[in-house]
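A.B. asks:
Residue numbers (our numbering), protein chains in the order written: chain A, 5 to 788; chain B, 36 to 192.
Spelled out as structure tokens, the structure:
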């Protein structure tokens, strides 16, 4: 089939918000200033687990500060993440608590004329705590007799007892693992652990709230979902949704940290409603690090395999330490099962997962939602199996991967669809050729202080959470498209751009479908009042789901355009074609082979206006009924210094299957960024706790949390990115996602490279220099 | 007790009244409405608040306004030429896809500008070393390094 020629899709362009961002004109939540605005600060628990006996705000109020405690906020439990259907949602949070369950949990808040005054007021609040026993280890937390963090929580509307601090658990079985392991000739069982990473998005979580004269509230905040924030605020404060308006605003990075309605939002709203004045609340970096982190994981994986490399059975046991609140652990466990079974074909499998409360910062989604954790375990283990079988690890992967025509679990066991595009073979074979895989992988690694190695790992992420069946997670998008009287086009969507360029991709979809030049497509400012529902920018769904809906709506507006053009040109609409005329800066409607029957989109719209036919516009929603995996492979080369233990990534080749590439340089940016955060995940990033005080040992400071800098990465000529030649038949112009896939396999590729270099298998990330030195001194090595 | 200071901000002389403990970042953002310099950490870890003080990249979140009385301050808003033309480095960031969420971008561009002023043809290693104090969580730095290096060659041409 000949490839379609596009004028916008796949073409490099300057991002539409680019000039505003390089000139400092882009406005973020932290930049908003309103008349009569107060500044808020939050008082946070100093203890990991306590009951508040009394709280005295009188001295703070004498300063002129307005104070709120748990008594001043609605007395209800809520879940800050509401993409799961209500009957499967666990609710254990309060706006302000009198039983703090981690250091840094909010217990009171103040609003004052200046931030300085608010800070002083916070210092004057007197709190009497009764300390409760805290638990920091999930296995300890599950033991009989360990005090509970939560006695009862809500599951849907039903109050349920929490047993052994287990917040959620799932067991998923397919086939008969006993039979499967009996069929195996080799059985391998290993335990893997991954770290508790902080998102470190550059903009701290923030909110500005304006109470309206009609009793409503207008909110600007760091969020990935304006509609879910609106709905939760309506539920918590019992305000009709028509009076709650959440404004879309640029977001200074997220990586999952604002996938939920963050705790700053209801605190800010409660203050603003009480003060009847606008309130601004910006978290300090230290507070932000005490707000959320990535789900850490403990994974015990058992695989059965035949000598020809065919996998016969798998058993995965997972324990996730979710910290003090259940943000979305139930779907997380389902997704982890889904990521696992969608990597390699397992005729018989069993997944058992438990999410456990501890007195730590609550974990939430962070780039991959359980996928990097599972992929680290599985892709490390595939290399171990390959070595036992004396097979090339790439051949073993090709023998077992889940590919074209097979079932993919895009969001756990209830969201399944069939794979219709797959670049796995291309990325593994071509990638191997490009990096000189065989030679480098098999070269003798002897002698010298610096040892070099190469590793490969593959993975994927879903593109959204759509499937034929409704499932446990809501997933649809909607848009409004209208053609202006000069032939330019406006579109409105609630879909957020987290920085990756999602909205630029959407603009290209409109430009391509309507055949207007890209610079004539405008992304309208949006809020919850002016847009139809979009679930969230998460699950790598922006282009595929949000773009899919917009593609549909643009098609509807185009049909109306052609209807009007047919009246003007006096031919049936089906005789009309449309093409872009870059010189005229217009889309052109014409009749093929009939000269003179040609009119610009702008003239059609203007004629419609003059004749009072109406605006050419459409509004609709779309649920995608599949969620195609965007596949990814990394080849990473490292140098390991055997004297210092430092691992230096020296080269990387990223190969991605995103279907049709929509934004070439921004898609490359997703891969560079995913590689960087993946290397940080593998080598450095973790949040650790002092188990006496329950405090973060980093104190909430970025320097002590430690992230890779520009200095710690392979040179630009040593990072190659490639895209497979694939086309997703269900996606807008053949496109699927990329975002989270770009990170998922990095840690395993790195760990596999380290093994190739020094013969030490690391089952725990981050792999620190201390770990490397310790292992070189003690651990049994390959063939040794 | 507020004191009067004078700052030349993006070429315009400003008389300002500031408290002794007032940070330059807050004076720029709150008094002058120059929100291009960002609050990212407040303690000099991330570089989002970078501005140029007498041509040197400085952390506005660690600088007391009163201590820099009489200085010239350049913020990202002052980098375009008077006719609105973008600085070559701003163009290069756009051209190379070096901008994602944009929160680190003002500080990153200002730091990059000083590097190129001091060293018009930096090596990749020199670029990476110079910008290592400006954190970016989105891009992985690759396209930022490319953008700075490309602007350096352009600047000479």
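We put the CB at the ideal spot given by N, CA and C, even for glycine.
Predicted model only: the values in this text are computed from it and were never measured.
Would you tell me roughly how many angstroms separate the C-alpha atoms of residue 156 (chain B) and residue 681 (chain A), rounded to the nearest one?
C.D. replies: Numbered from 1 along the second chain, position 121 holds the residue referred to as residue 156 (chain B). Numbered from 1 along the first chain, position 677 holds the residue referred to as residue 681 (chain A). If you take the alpha carbons of residue 156 (chain B) and residue 681 (chain A), they lie about 29 angstroms apart.
A.B. asks: Along the chain, where does the alpha helix (DSSP H) containing residue 384 (chain A) start, and where does it finish?
C.D. replies: For the purposes of this step, residue 384 (chain A) is taken as the residue at position 380 of the first chain. It spans 375-393 - the alpha helix (DSSP H) in which residue 384 (chain A) sits, taken as one unbroken run.
A.B. asks: Are the C-beta of residue 32 (chain A) and some C-beta of chain B separated by less than 8 angstroms?
C.D. replies: Locating residue 32 (chain A) in the first chain gives position 28, where the first residue counts as 1. Yes, residue 32 (chain A) counts as interfacial toward chain B.
A.B. asks: Among the residues of its own chain, which have a CB less than 6 angstroms from the CB of residue 11 (chain A), if the five just before and after it don't count?
C.D. replies: Numbered from its first residue, the first chain carries residue 11 (chain A) at position 7. If we look at residue 11 (chain A) and ignore the five residues flanking it on each side, its Cβ neighbours are 584.
A.B. asks: From which residue to which residue does the alpha helix (DSSP H) around residue 441 (chain A) run?
C.D. replies: Here residue 441 (chain A) refers to the residue found at position 437 when the first chain is read from its first residue. First-last of the alpha helix (DSSP H) with residue 441 (chain A): 441-446.
A.B. asks: How many Å lie between residue 153 (chain B) and residue 145 (chain B) at the Cα?
C.D. replies: Here residue 153 (chain B) is taken as the residue at index 118 of the second chain, counted from 1. Here residue 145 (chain B) is taken as the residue at index 110 of the second chain, counted from 1. If you take the alpha carbons of residue 153 (chain B) and residue 145 (chain B), they lie about 13 angstroms apart.
A.B. asks: Select from the segment 201-230 of chain A all residues with a C-beta closer than 9 angstroms to any C-beta belonging to chain B, and list them in chain order.
C.D. replies: 203, 204, 205, 206, 207 and 208
A.B. asks: Just confirm the distance between the C-beta atoms of residue 26 (chain A) and residue 125 (chain B), as a whole number of angstroms; I'd bet it's less than 8 angstroms.
C.D. replies: Here residue 26 (chain A) refers to the residue found at position 22 when the first chain is read from its first residue. Here residue 125 (chain B) refers to the residue found at position 90 when the second chain is read from its first residue. Their Cβ separation, rounded to whole angstroms, is 4 angstroms, which keeps residue 26 (chain A) and residue 125 (chain B) in contact under 8 angstroms.
A.B. asks: With a cut-off of 8 angstroms, do at least 3 Cβ pairs link the segment 34-44 of chain A to the segment 282-289 of chain A?
C.D. replies: yes
A.B. asks: Nearest by alpha-carbon distance to residue 42 (chain A): which of A:666, A:53 and A:69 is it?
C.D. replies: Along the first chain, one-based indexing puts residue 42 (chain A) at 38. Among A:666, A:53 and A:69, the Cα nearest to that of residue 42 (chain A) is on A:69.
A.B. asks: Give the list of continuous alpha helix (DSSP H) stretches no shorter than 4 residues that lie fully inside the segment 7-48 of chain A.
C.D. replies: 22-26
A.B. asks: Which same chain residues end up closer than 6 angstroms to residue 589 (chain A) when comparing Cβ atoms and leaving out the 5 residues on each side of it in sequence?
C.D. replies: Here residue 589 (chain A) corresponds to residue number 585 of the first chain, with the count starting at 1. Only 521 meet the Cβ criterion.
A.B. asks: Between the alpha carbons of residue 560 (chain A) and residue 580 (chain A), how many angstroms are there, rounded?
C.D. replies: Looking up residue 560 (chain A) in the first chain gives position 556. Looking up residue 580 (chain A) in the first chain gives position 576. When rounded, the distance between both Cα atoms is 15 angstroms.
A.B. asks: If you follow the beta strand (DSSP E) that residue 357 (chain A) is in, where does it begin and where does it stop?
C.D. replies: Counting from one through the first chain, the residue named residue 357 (chain A) turns up at place 353. That run of the beta strand (DSSP E) goes 352-361.
A.B. asks: Between the Cα of residue 189 (chain A) and those of A:657, A:110, A:765 and A:308, spot the shortest distance and give me the residue it belongs to.
C.D. replies: If you number the first chain from 1, residue 189 (chain A) lands on position 185. Measuring from the Cα of residue 189 (chain A), the nearest candidate turns out to be A:308.
A.B. asks: Using a Cβ-Cβ cut-off of 8 angstroms, state whether residue 83 (chain B) counts as contacting chain A.
C.D. replies: Here residue 83 (chain B) is taken as the residue at index 48 of the second chain, counted from 1. Yes, contact with chain A.
A.B. asks: For the beta strand (DSSP E) holding residue 82 (chain A), just list the boundary residues, first then last.
C.D. replies: Residue 82 (chain A) sits at position 78 when you count from the first residue of the first chain. That residue, residue 82 (chain A), is in no beta strand (DSSP E); it is neither H nor E in DSSP.
A.B. asks: Sort out for me which residues DSSP pairs residue 176 (chain A) with in a bridge.
C.D. replies: Your numbering for residue 176 (chain A) matches position 172 in the first chain. Bridge partners of residue 176 (chain A): A:355.
A.B. asks: Would you mind working out which of A:129, A:759, A:769 and A:100 sits nearest residue 448 (chain A), comparing C-alpha positions?
C.D. replies: Taking the first chain and counting its residues from 1, the one referred to as residue 448 (chain A) is at position 444. Looking at the Cα atoms, A:759 is the closest of the given residues.
A.B. asks: What are the boundary residues of the beta strand (DSSP E) that includes residue 420 (chain A)?
C.D. replies: Here residue 420 (chain A) corresponds to residue number 416 of the first chain, with the count starting at 1. Residue 420 (chain A) -> beta strand (DSSP E) spans 420-422.
A.B. asks: So that I know if they touch, is there some Cβ in chain B lying closer than 8 angstroms to that of residue 673 (chain A)?
C.D. replies: Locating residue 673 (chain A) in the first chain gives position 669, counting from the first residue. Residue 673 (chain A) counts as touching chain B.
A.B. asks: Cβ closer than 7 angstroms: which chain A residues qualify as neighbours of residue 134 (chain B)?
C.D. replies: Counted from its first residue, the second chain places residue 134 (chain B) at position 99. What residue 134 (chain B) touches in chain A: 19, 22, 25 and 26.
A.B. asks: Any C-beta of chain B within less than 8 angstroms: which residues of the segment 488-516 of chain A qualify?
C.D. replies: 502, 503, 504 and 505
A.B. asks: Which complete beta strand (DSSP E) runs does the segment 304-342 of chain A hold, if anything under 3 residues is left out?
C.D. replies: 315-327
A.B. asks: Compare the beta carbon distance of residue 184 (chain A) and residue 351 (chain A) with 8 angstroms and say whether it is the shorter of the two.
C.D. replies: Within the first chain, residue 184 (chain A) is the residue found at index 180, counting from 1. Within the first chain, residue 351 (chain A) is the residue found at index 347, counting from 1. In this structure, residue 351 (chain A) lies closer than 8 angstroms to residue 184 (chain A) by Cβ.
A.B. asks: Quick one: measure Cβ to Cβ for residue 491 (chain A) and residue 606 (chain A), integer angstroms, because I've assumed they're closer than 8 angstroms.
C.D. replies: Here residue 491 (chain A) corresponds to residue number 487 of the first chain, with the count starting at 1. Here residue 606 (chain A) corresponds to residue number 602 of the first chain, with the count starting at 1. With a Cβ gap of about 3 angstroms, residue 491 (chain A) and residue 606 (chain A) count as contacting.
A.B. asks: Kindly say whether residue 129 (chain B), judged by its beta-carbon, lies nearer than 8 angstroms to any beta-carbon of chain A.
C.D. replies: As a position in the second chain, residue 129 (chain B) is number 94, starting the count at 1. So yes, residue 129 (chain B) belongs to the interface.
A.B. asks: Have a look at residue 183 (chain B) and residue 174 (chain B) and give me their C-alpha separation to the nearest angstrom.
C.D. replies: For this step, residue 183 (chain B) is matched to residue 148 along the second chain. For this step, residue 174 (chain B) is matched to residue 139 along the second chain. Those two C-alpha atoms are separated by around 14 angstroms.
A.B. asks: Do we get a CB-CB distance below 8 angstroms when we pair residue 770 (chain A) with the residues of chain B?
C.D. replies: Here the question's residue 770 (chain A) lines up with position 766 in the first chain. Closer than 8 angstroms: no.
A.B. asks: For residue 289 (chain A), decide whether its Cβ has a neighbour in chain B, counting only Cβ atoms nearer than 8 angstroms.
C.D. replies: Numbered from 1 along the first chain, position 285 holds the residue referred to as residue 289 (chain A). Yes - at least one Cβ of chain B is within 8 angstroms of the one on residue 289 (chain A).
A.B. asks: Within 8 angstroms of any Cβ in chain A, is that where the Cβ of residue 75 (chain B) sits?
C.D. replies: The count along the second chain starts at 1 and reaches residue 75 (chain B) at position 40. It does; some Cβ of chain A falls within 8 angstroms.
A.B. asks: Can a CB atom of chain B be found closer than 8 angstroms to the CB of residue 35 (chain A)?
C.D. replies: For this step, residue 35 (chain A) is matched to residue 31 along the first chain. Answer yes: the Cβ-Cβ gap between residue 35 (chain A) and chain B drops below 8 angstroms somewhere.
A.B. asks: In chain order, what residues of the same chain have a beta carbon less than 7 angstroms from the beta carbon of residue 800 (chain A), not counting five sequence neighbours either side?
C.D. replies: Residue 800 (chain A) is absent from the model: chain A starts at 5 and stops at 788.
A.B. asks: Taking 8 angstroms as the limit between beta carbons, can you name the residues of its chain near residue 729 (chain A), skipping five residues before and five after?
C.D. replies: Within the first chain, numbered from 1, the residue matching residue 729 (chain A) stands at position 725. Within the same chain, residue 729 (chain A) has close Cβ partners 427 and 430.
A.B. asks: Cβ of residue 53 (chain A) within 8 angstroms of Cβ of residue 363 (chain A)?
C.D. replies: The residue you call residue 53 (chain A) lines up with position 49 of the first chain. The residue you call residue 363 (chain A) lines up with position 359 of the first chain. Their beta carbons are under 8 angstroms apart, which means residue 53 (chain A) touches residue 363 (chain A) by this criterion.
A.B. asks: Do you know offhand how far residue 198 (chain A)'s Cα is from residue 557 (chain A)'s?
C.D. replies: Looking up residue 198 (chain A) in the first chain gives position 194. Looking up residue 557 (chain A) in the first chain gives position 553. Straight-line Cα distance between these residues: approximately 42 angstroms.
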